[in-house]
Amino acid sequence: MTRPDGPGGDRDEEPGDAPDAVALDIADAVESLTNLWSVAAQQAALRLSTHQLRALLVLEAATELNLTALADRLGIGPPTASRLCDRLEAAGMLERSLHPERRREVRLSLTAQGHRVLDDVAARRARALAAVLAGMEPAERSALRHALRTFLAVRIREPRPPGAP
159 MTRPDGPGGD RDEEPGDAPD AVALDIADAV ESLTNLWSVA AQQAALRLST HQLRALLVLE
219 AATELNLTAL ADRLGIGPPT ASRLCDRLEA AGMLERSLHP ERRREVRLSL TAQGHRVLDD
279 VAARRARALA AVLAGMEPAE RSALRHALRT FLAVRIREPR PPGAP
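Each number in the working numbering comes from the position in the sequence shown (counting from 1) with 158 added on.
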C-alpha cells in the first residue's frame with residue numbers, strides 16, 4: 159500500500175502503519191476530540207451532565223420515545239431515566255405528554271429550549287473543532303476529510319457482530 163508523503167511522492171507502508179499501530183494513534187486523537195467535545199458542551203449557556211446531553215441527543219434523533227425506550231437507548235434503568243427526565247423537565251428542555259392511543263404510555267419530547275441548548279452545544283463544538291483544523295495545512299485537512307469518509311464508508315459496509323456498536 160502507498161500513501162502520499164509530502165510533496166511529490168508515495169512511499170511504501172511502514173511498520174508503524176499497521177492497523178494496530180494506527181488504531182492506537184486514532185484512539186489518542188479520539189480521546190483528545192472527546193475532551194474538546196466535553197469542554198465545548200460545558201461552556202454552553204446551560205451546563206448539562208454527559209447523561210443529560212446524551213438523553214437530549216437521543217430524543218432529538220428519535221422523537222416521542224417513551225421512558226422505557228429512552229432508558230434502553232441510554233443503557234440505563236427506567237428509574238434512573240425517570241430521574242434524568244425529571245431534571246430535564248424541570249430545566250424546561252423536555253416535556254412529557256400522554257400517548258393519544260395508549261393512555262398509560264407517556265411520550266417524551268424536546269421543548270424549544272431543549273432544541274436551543276442542543277444547537278448551542280453543536281455550534282460551540284463546531285467552533286472548537288474549526289479552531290483546531292485551522293492549525294492544519296489545507297492538504298492535511300483534505301487528507302483527514304478523505305480518510306474519515308473512507309473510514310465511515312468501510313464501517314457502514316462491514317457486517318457487525320450481534321451486540322456490536
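Beta carbons: idealized from backbone N, C-alpha and C, even for Gly.
What residue does the alpha helix (DSSP H) around residue i start on, and which one ends it?
{"i": "R260", "result": "Careful: R260 lies outside any alpha helix (DSSP H) and carries neither H nor E."}
{"i": "R231", "result": "225-232"}
{"i": "L409", "result": "The chain is shown only over 159 to 323; residue 409 falls outside these bounds and no answer can be derived."}
{"i": "R345", "result": "Look at the range of the chain in this structure, 159 to 323, and you will see that residue 345 is not part of it."}
{"i": "G298", "result": "Residue identity differs from the one stated: residue 298 is Glu in this sequence, not Gly. Where E298 is concerned, the enclosing alpha helix (DSSP H) stretches over 296-315."}
{"i": "A176", "result": "No alpha helix (DSSP H) contains A176, which DSSP labels as neither H nor E."}
Tell me the DSSP bridge mates of residue i?
{"i": "L268", "result": "L252"}
Please determine, among the options, the residue with the shortest C-alpha to C-alpha distance to residue i.
{"i": "R262", "options": "C243, E247, D230, T226", "result": "T226"}
{"i": "E218", "options": "A270, A297, F309, I314", "result": "A270"}
{"i": "G250", "options": "L256, G235, L266", "result": "L266"}
{"i": "A202", "options": "S300, L191, A286", "result": "A286"}
{"i": "V279", "options": "R254, A248, A198", "result": "A198"}
{"i": "V275", "options": "L215, V188, E298, M294", "result": "L215"}
{"i": "L256", "options": "A281, E222, R315, A288", "result": "E222"}
{"i": "A289", "options": "S300, R303, R315, L194", "result": "L194"}
{"i": "L252", "options": "T238, A213, R260", "result": "A213"}
Decide if the stretch 194-210 is in contact with the stretch 237-255; the criterion is three or more beta carbon pairs, one per stretch, under 8 Å apart. yes
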